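Everything below concerns the one structure shown next.
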Amino acid sequence: MILGRITGSVVSTIHHPIIAGRKLLLAERLDAHGKPAGGYLIAMDAIGAGRGETVLILDEGNGARQVLENDSAPIRSIVVAIVDAIDSG
Numbered sequence: 278m279i280l281g282r283i284t285g286s287v288v289s290t291i292h293h294p295i296i297a298g299r300k301l302l303l304a305e306r307l308d309a310h311g312k313p314a315g316g317y318l319i320a321m322d323a324i325g326a327g328r329g330e331t332v333l334i335l336d337e338g339n340g341a342r343q344v345l346e347n348d349s350a351p352i353r354s355i356v357v358a359i360v361d362a363i364d365s366g
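Okay, structure coming up:
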């Protein structure tokens, strides 16, 4: 799992059919304290996350395909949770 903050969305006019009707989100990687860790990734939204929210991203293809219930989906990263709080103590 990767901790991230949604910074925007990605729009494509030509894409695989599995993406049709779903949002692709741009997420900044965060460390365990919620501070920027450097780097970004694009993840499919599975839960309705929005800009500025801290999220958990599953960055493993097989797990992402299981969330989508599609064994052949060409997906690697998917947003699976919105984080309410981080307690790194």
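Residues are numbered in our numbering as their position in the sequence shown, beginning at 1, plus a constant of 277.
Just so it is clear, CB atoms sit at the ideal spot from N, CA and C, and this is done for glycine as well.
Model, not experiment: these values are computed from the prediction.
With contacts defined by Cβ atoms closer than 8 Å, ILE283 and GLU330 form a contacting pair. Within a 10 Å sphere around the beta-carbon of ILE291 sit fewer than 16 other beta-carbons, which makes this residue exposed.
ALA297 sits exposed, since fewer than 16 C-beta atoms from the chains shown fall within 10 Å of its C-beta. Bridge partners of ARG306 according to DSSP: GLY281.
In this structure, the CA atom of TYR317 is about 11 Å from the CA atom of GLY285. When the beta-carbon positions are compared, ILE334 and ALA304 come within less than 8 Å of each other. Our two residues, MET278 and ASP308, have alpha carbons roughly 12 Å apart in a direct line.
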